[in-house]
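Q: Take 279 as the starting number for the sequence shown in this note's numbering and just add one per residue.
Built from N, CA and C at the ideal position, the CB exists for glycine as well.
So that we are looking at the same thing, I have put the structure below in structure tokens.
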Amino acid sequence: GVMMVQGVATDAPVIGEIKPLPQGAGDLRAGDRILSVGGIETPGYDDLFAAADRIEPAPLVPYELDRDGQRLDGQGPFPMPPIVDAVQPRSAAADAGLRPGDVIVRVDGQPVYAFRQVREIVTNGDGRPLRLGIWRQGAELQVVLAPRRVDLPLPEGGFETRWLIGISGGLFFEPETRRAGPFEALRFGVEQTGFIIRSSLSGLVHMISGAISSCNLSGPVGIAETSGQAARAGLGSFVWFIGVLSAAIGLLNLFPIPVLDGGHLVFYAWEGLTGRPPSDQVVRFLMAIGMALILTMMIFAMANDLFLCP
């Protein structure tokens with residue numbers, strides 16, 4: 279098995295490590311506790327995220343800080359700048375060569391200072407190609423990409439289709455973390471596994487009904503490509519992908535299809551209810567049907583990877 283140990287953010291927004299940005303960190307330092315930004319108090323991370331949605335985007339914004347017990351005012355980066363925290367495998371951003379740590383400084387020649395500005399441009403652009411100015415390790419480069427329609431699972435079930443380029447954003451700093459207790463870590467793992475299972479079942483139902491694209495189903499080629507991109511994104515992304523893949527395969531194995539473990543459980547349930555196992559002829563017939571279903575699904579998934587949804 280594989281286990282990943284990861285700390286959780288402290289309750290108050292305390293700066294752990296400031297990410298590289300073209301405008302620098304201003305007056306902020308690692309260890310500072312953010313008391314307010316743009317005049318909005320930020321006792322917790324939810325308040326900091328809410329402030330990022332309310333204040334006017336700018337290269338530097340006013341902060342009130344607690345540094346070693348002393349309150350002081352200063353200037354610092356916008357809370358959620360247009361920095362690429364992660365790149366979704368097999369996305370427009372991945373195909374265009376965007377990397378974690380890239381900072382989007384312009385979209386179609388217009389300066390942007392907040393991640394929400396990029397999100398709004400992509401959402402309202404109806405898929406038109408965008409020319410991005412990217413700041414990467416002190417150099418600026420140009421990237422052209424076209425957003426793609428993506429089916430996103432919702433926490434309450436179902437899917438939402440949106441235009442996306444395949445990046446996620448975050449704060450301008452890595453939060454100071456603390457070690458999670460065993461029960462807290464277990465609860466988080468159970469919650470995430472439950473979300474993956476619900477999303478997988480909902481996705482299958484919506485694909486069968488035609489509500490979302492069948493391109494959401496990938497085969498060995500797509501899985502290999504996605505795992506390679508996750509590995510290049512870092513160890514954390516790769517381990518997370520392996521966990522998601524393991525949960526999805528485990529769920530598939532429990533489907534009531536005879537060649538899978540779920541099918542054997544159906545046979546055992548039948549024997550428990552009737553007092554006798556199904557006949558060999560019935561078992562062979564159902565096994566053949568199950569194998570045909572699995573092979574058909576594999577062929578369809580590989581066709582998606584190679585021909586239908588490259």
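Under the rule that 16 or more other beta-carbon atoms within 10 Å means buried, what is L432, buried or exposed?
A: L432 is exposed by the Cβ-count criterion.
Q: Have a look at W441, M358, N582 and flag the residue whose alpha-carbon is nearest the alpha-carbon of V371.
A: The amino acid occupying residue 371 in the given sequence is Ala; Val does not appear at that position. Out of W441, M358, N582, W441 has the C-alpha closest to the C-alpha of A371.
Q: Can you give me the C-alpha to C-alpha distance between L586 and N402, rounded to a whole angstrom?
A: Each residue's alpha carbon lies about 27 Å from the other.
Q: Can you look up L586 in the DSSP assignment and give me helix, strand or coil?
A: Helix at L586.
Q: So Y546 is in the alpha helix (DSSP H); what residue range does that whole segment cover?
A: Counting along the chain, the alpha helix (DSSP H) containing Y546 begins and ends at 539 to 552.
Q: Contact defined as beta carbons within less than 8 Å: I believe A526 pairs with I474. What is the distance between those atoms, to the nearest angstrom?
A: Contact holds; Cβ gap of about 7 Å.
Q: Which residue or residues does DSSP assign as beta-bridge partners of W413?
A: Answer is V381, E418.
Q: If you follow the beta strand (DSSP E) that V339 is part of, which residue opens it and which one closes it?
A: That run of the beta strand (DSSP E) goes 338 to 345.
Q: With a threshold of 8 Å on Cβ separation, who are the neighbours of F437 within its own chain once the five nearest residues in sequence on each side are excluded?
A: Same-chain partners within the cutoff: D429, L430, P431, S480, G481, H484, A489, I490.
Q: Using a Cβ-Cβ cut-off of 8 Å (strictly less than) and excluding sequence neighbours within five positions of V422, which residues of its own chain qualify?
A: Same-chain partners within the cutoff: A374, P407, L408, R409, L410.
Q: Look up V390 in the DSSP assignment and say whether it is helix, strand or coil.
A: DSSP places V390 in coil when its eight states are reduced to three.
Q: Following the continuous alpha helix (DSSP H) through D558, name the residue where it begins and the one where it ends.
A: Segment 558 to 581, the alpha helix (DSSP H) holding D558.
Q: In the DSSP output, what is T439 paired with across the bridge?
A: DSSP lists D429 as partners of T439.
Q: Using alpha carbons as the reference points, say which of P359, Y341, V381 lies closest to D351.
A: Of the candidates P359, Y341, V381, the one whose C-alpha sits nearest the C-alpha of D351 is Y341.
Q: Roughly how many angstroms separate the alpha carbons of I520 and R414, rounded to a whole number?
A: Cα-Cα distance, rounded: 29 Å.
Q: Quick check on the DSSP output: what are the complete beta strand (DSSP E) runs of length 3 or more inside the stretch 492 to 523, in order along the chain?
A: Entirely contained in the stretch 492 to 523, not one beta strand (DSSP E) run reaches 3 residues.
Q: Once the 5 residues before and after Q284 are set aside, which same chain residues still bring their CB inside 6 Å of it?
A: A caution first: Q284 carries a pLDDT of 49, below 50, which makes its placement in the model too unreliable to give a value.
Q: Considering just the uninterrupted stretch of the alpha helix (DSSP H) at S369, what are its terminal residues?
A: That residue, S369, is in no alpha helix (DSSP H); it is neither H nor E in DSSP.
Q: Once DSSP output is grouped into helix, strand and coil, what is the label at P460?
A: Note: P460 maps to helix in three-state DSSP.
Q: Using 8 Å as the threshold, is the C-beta distance between V315 and L326 below it?
A: Cβ distance < 8 Å, so V315 and L326 count as in contact.
Q: Cβ atoms of V339 and G354: under 8 Å apart, would you say?
A: Their beta carbons are under 8 Å apart, which means G354 touches V339 by this criterion.
Q: Since I535 contacts G541 with CB under 8 Å, what's their CB separation in whole angstroms?
A: That belief holds up - the Cβ atoms of I535 and G541 are roughly 5 Å apart, short of 8 Å.
Q: Which of the three DSSP states, helix, strand or coil, is assigned to E398?
A: DSSP places E398 in helix when its eight states are reduced to three.
Q: T574: buried (16+ other C-beta within 10 angstroms of its C-beta) or exposed?
A: Answer is exposed; the Cβ neighbour count stays below 16.
Q: Hey, how far is the Cα of V381 from the Cα of P360?
A: Spanning the two alpha carbons is a distance of roughly 6 Å.
Q: Count the other CB atoms within 10 Å of the CB of P367; is the residue buried (16 or more) or exposed (fewer)?
A: Buried, by the Cβ-count rule.
Q: Whose C-beta lies closer than 8 Å to the C-beta of G405 among residues of the same chain, with five residues either side of it excluded?
A: A424, P425, R426, R427, W441, listed in sequence order.
Q: When you compare each of V390, V522, F466 to P337 by their alpha carbons, which one comes out closest?
A: Nearest of V390, V522, F466 to P337, Cα basis: V390.
Q: Provide the residue(s) that pair with V315 in DSSP beta bridges, ordered along the chain.
A: DSSP output for V315 lists I318, Y341 as bridge partner(s).
Q: Tell me the DSSP secondary structure of I293 in three-state form.
A: I293 falls in the strand class under three-state DSSP.
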